[in-house]
Structures are given as structure tokens and as C-alpha cells.
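Using my numbering, the letters of the sequence shown correspond one by one to residues 272 to 555.
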Amino acid sequence: MYRFLLTPRWWGIHLFVVLAIPFCVFMGSWQLGRFEDRVETHQAAEEKPDPGTRAAVPLEELLPVDKETSGRPATATGRYAEQFVVPGRELDGKRGSYVLTLLRTDDGKALPVVRGWLSAGERAAAAPPGEVTVTGALQASENSGTDGVHTGGGLPEGQLGMISAASLVNLVPYDVYDAWITLAEGDPGLLPVPAVAPQGSGLDLKAFQNLGYTGEWFVFAGFVLFMWFRLMRREAEAARDLALGILPEGPAVPETPESGDGQAAGVTACAGAGDTAGSGVRRD
């Protein structure tokens, strides 16, 4: 009854199952490992002291920005230059803009400095003149996945959709650091912008997506095994019925109009013949 399992068609099904189940298990284990790594990174970050409580050091000592240096207080000296407004940023549930001013340092490069937050409709004041020394939390350049960024273009002159060296390189004629700082105390008329944790250092939505994908891959593995068993059982039942002489029921053959009309005509002819014969009998 199970000889069909050795047919070429079923050998192909067996090969698919043998390859699909280990692949699903591997992908599920890999997604689970990604989730566990994010949990361990989050726990390690929780155990470390707040980066903002550490002593401020010169900017060059903290570059390039990574998970260890993000949020550390950095100092830089220079003169303020071009100023931009970064619209569409929220602070304490209110919508407004960041006021970003480039600080030209002694080496000729510029450091983007977020001097504070401004509510919608208000005008940003000019930056202080002369040489200044600023201290703020170091932040990595934003990207298209950062909350609040505007990547669609079409902003008016003087506005910036994303704080990054890539977005500033075409707006100013000098090099820009691939980082920025936010001042711990905003300039007069501005509210300070708090530093944000680096991406991938907490239990964000992506971490729980990894956990969800883990469950999906293991469900796929179980589904492949279930379908293999279901197909095998259905074909075994069909082979058993065939061995017992039980054929699958076919559709009923409808009666053709010609045959029906012929039978009706025959009945009518017989009836007519009877009537004719009866009419020829003489009655006394």
C-alpha cells in the first residue's frame, strides 16, 4: 500500500521536506540569536553608567561615533557660521524645530551643533559671535530610518531635513564632521534637546520583530511536515480503496434528449397500435 512512496514523484517530495525543515529550523535559530544579542546589548547598556554623567573630553578623542561614545559629553572650540532650521521635530509632545548652527573649528572642519528646540512659528535668534567653546552630548549622524527626519526634499532655503554630513556637504563649501552635538543647556530662547540612545542598543521594535520571525520559521517547519503526512495519508487511503475494488465515484451520466424522445415515441406508437387493433374488433 505504501509502494507509492518510492516513486520518482514522491522522491522529489521527500527531498523537498528533507531540505525545507532544516532550513526553517536554521533561520528560526538565527532570528532567535539576533533577539538574544539585542537583549544582552540592552542589559549591558543598562548596567553601564549614563554616558552623560562622564567628564567632557575633546571631540577628536570620541570619533568616530559608536555605541560606546554616543551620548558622551564632547567639547569643541571655534566660531559659529551657517545656521539651519530642522523642522518637524517634537519635544515633550509639542511640534517645532531644531536650531542647528555649524561651528567652524581650527582645523577648518565644521561641527553641527544643535543649540536648542524652537516651537513652531517662532524665529531663531542668531548665534553668539566670536570664538566660543561648546560642550554637548555627542550624537551619530542621522539616516533615513531616524525618527523625525525628512527625506522627501522640497524644503525651503535655510531648512534641513536630516542632520548628517551627507546632507550638509552640498550646502557649505567646507568639510563637516560625521557627527553632531546637542547642547546640555539651550541658548537663550531655546529649549535643550536631550540626547538619544544609539540605534540597536535597546529593546526596540526590531528586537521583537526578530522574536516574531523566530516563531514564524518554526511554524513553517511544522507546516511542511504536516503537509507531507497529509499527502501521504491521502494517497495511502486511495491505494487501499483501489486494492479493495472501490473505485472513486464518477459523475452521473445524464439521459440524452434523443433517447428520451425515442422511448416516448415508442410508447406512443405502441399505444396507437393497441387502439387500432381494438377498433378492428367487431362487437355483437
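Glycine included, every Cβ here is placed at the ideal spot set by N, Cα and C.
- With respect to the C-alpha of Leu382, the residue from Ser368, Met503, Leu431, Val405 having the closest C-alpha is Val405.
- Taking the C-beta atoms as reference points, Ser435 is found nearer than 9 Å to Asp449.
- When only Cα atoms are considered, Gly423 and Gly460 end up about 29 Å apart.
- For Thr340, the secondary structure class from DSSP, reduced to helix, strand or coil, is coil.
- In the three-state DSSP reduction, Lys380 falls in the coil class, being neither helix nor strand.
- Under DSSP, no beta-bridge partner is assigned to Ser435.
- Counting C-beta pairs closer than 8 Å gives fewer than three between the region 366-374 and the region 480-490, which falls short of the contact rule.
- Taking one beta carbon from each stretch, the region 494-508 and the region 353-372 have fewer than 3 pairs nearer than 8 Å; the two do not touch.
- Apart from sequence neighbours up to five positions away, the residues of its chain that approach Thr348 with a beta-carbon distance below 6 Å are Thr404, ordered along the chain.
- Residue state for Ile517 is assigned as coil, using DSSP reduced to three classes.
- Counting only the Cα atoms, Pro329 lies some 32 Å from Glu428.
- The DSSP-derived three-state label of Val464 is coil.
- Segment contact: the region 411-426 against the region 385-401, fewer than three CB-CB distances shorter than 8 Å; contact not assigned.
- By the Cβ-count criterion, Arg360 is buried, with 16 or more other Cβ atoms from all chains shown falling within 10 Å of its own Cβ.
- According to DSSP, residue pairing for Gln302 in a beta bridge does not occur.
- A check of alpha carbon separations from Thr324 across Ala315, Ala408, Glu487, Gly299 identifies Ala408 as the nearest.
- The three-state reading of DSSP puts Gly483 in helix, counting H, G and I together.
- Annotated three-state conformation of Glu307 is helix, per DSSP.
- Classified as buried, Gly299 has 16 or more neighbouring CB atoms from the shown chains inside 10 Å of its CB.
- Gln410 is bridged by DSSP to Trp451.
- The residues Thr340, Arg343, Ala345, Leu409, in chain order, have a CB closer than 6 Å to that of Leu333 in the same chain once the five nearest residues on each side in sequence are set aside.
- A direct Cα-Cα distance of roughly 12 Å separates Tyr351 from Gly379.
- By the beta-carbon neighbour count (other beta carbons within 10 angstroms, threshold 16), Asp363 is exposed.
- In the structure shown, the three-state DSSP call for Thr404 is strand.
- Annotation for Pro463: Gly387, Trp388, Thr453, Leu454, Ala455, Glu456, Gly457 place their beta carbon closer than 8 Å to its own, counting only its chain and skipping 5 residues before and after.
- The Cβ atoms of Gln314 and Pro358 lie no closer than 9 Å to each other.
- Less than 9 Å divides the Cβ of Ser412 from the Cβ of Trp451.
- C-alpha of Val310 to C-alpha of Met433: approximately 29 Å in a straight line.
- For the pair Ala492 and Thr376, the Cα-to-Cα distance works out to about 58 Å.
- Using a 10 angstroms sphere on the CB of Gly367, the tally of other CB atoms reaches 16 or more, which defines it as buried.
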